[in-house]
Amino acid sequence: MSQSLDASALDQLFRSARTHNAFTDQPVTEAELRALYALMKWGPTAANAAPARLVFVTSPEAKARLKPALAANNVDKTMAAPVTVIVGHDLDFHEQLPRLFPHADARAWFDGPQQGRVETALRNGSLQGAYLILAARALGLDAGPMSGFDNALVDAAFFAGTSIKSNFLVNLGHGDPAGVFPRLPRLSFDEAARIV
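Residue numbering for the sequence shown is 1 to 196, as defined by full-length UniProt numbering.
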């Protein structure tokens, strides 16, 4: 990259961005969700494996399937969010590597039992979930990532019969500032990092 983003872009992506627990009733369109994916897909993953698999939960029927898996403190905010993204990862991601990483036999690196692919799938799917949050912010949406759900119930409801496992959820929409908690502290550079 030849130049850094301006201060307002950095604020929107990081410094002023907040985790949202409440959203306005402004809808999120399918076109916005497609634009979100079109942006987030460019984030790097190991061997371009791109193991993330997303379910954009928007319909009342799909929300009803998700609801039993949610921890009690996550039910109301998730049911009220215009969209909840189930961020999962495909344990058989390597099947796509001949197309996604054609200049080497990367599929062979991951052949064998699924257990040998869990770490790579989880790590890189998590990266892609983070890219999703940043892409949402870049496109003017707000995000509320969370755990606090039963992965096995989500997997049974949305990924049955597949090699996909859920990782975390992200509520998406246009944030209601009234639902934002006070800004919490962060560790300083010297507490969290060192230069060697």
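Even for Gly, the Cβ is constructed at its ideal location relative to N, Cα and C.
Worksheet item: Sorry if obvious, but does the Cβ on A135 come closer than 6 Å to a heavy atom of the ligand GDP?
Response: With respect to the ligand GDP, the structure shown offers nothing to examine, as it has no ligands at all.
Worksheet item: Just checking, does the segment 65 to 76 make contact with the segment 113 to 127 on the three C-beta pairs under 8 Å criterion?
Response: These segments do not touch.
Item to complete: May I have a chain-ordered list of the beta strand (DSSP E) segments no shorter than 3 residues that lie completely inside the UniProt domain "Nitroreductase" (16 to 158)?
Response: Along the length of the UniProt domain "Nitroreductase" (16 to 158), whole beta strand (DSSP E) runs at least 3 residues long occupy 52 to 57, 83 to 90 and 142 to 146, reported in chain order.
Discussion item. Tell me the DSSP secondary structure of F14 in three-state form.
Written reply: Helix, per DSSP.
Worksheet item: Which stretch, first to last residue, makes up the beta strand (DSSP E) that contains F168?
Response: DSSP places F168 in the uninterrupted beta strand (DSSP E) bounded by I164 to G173.
Item to complete: From the DSSP output, in three-state form, read off D190 for me.
Response: DSSP places D190 within a helical segment (H, G or I) once states are collapsed to three.
Discussion item. Rounding to the nearest angstrom, what Cα-Cα distance links W109 and A49 in this structure?
Written reply: The straight-line gap from Cα to Cα measures roughly 11 Å.
Worksheet item: According to the neighbour-count rule (16 or more other Cβ atoms, all chains shown, within 10 Å of its Cβ), is V196 buried or exposed?
Response: Its Cβ having fewer than 16 others within 10 Å, V196 is exposed.
Worksheet item: If you compare alpha carbons, which of A7, S166, S2 and G173 is closest to Q128?
Response: It is S166 whose Cα lies nearest to the Cα of Q128.
Fill in: Contacts around D111, its chain only, beta-carbon distance under 8 Å, and the 5 residues preceding and following it disregarded
Cβ contact annotation for D111 (same chain, cutoff 8 Å, sequence separation greater than five): H94, in chain order.
Discussion item. Does S8 come out as helix, strand or coil in the three-state DSSP assignment?
Written reply: Note: S8 maps to helix in three-state DSSP.
Practice prompt. Have a look at F168 and F158 and give me their C-alpha separation to the nearest angstrom.
Written response: Going by the C-alpha atoms only, they are around 13 Å apart.
Worksheet item: Are at least three pairs of beta-carbons, each pair with one atom in the segment 124 to 143 and one in the segment 37 to 54, less than 8 Å apart?
Response: Flag = yes, the segment 124 to 143 and the segment 37 to 54 touch.
Worksheet item: D142 and F23 look like a contact to me (Cβ under 8 Å); what is the Cβ gap, rounded to whole Å?
Response: Contact between D142 and F23 holds: their C-beta atoms lie close to 7 Å from each other, under 8 Å.
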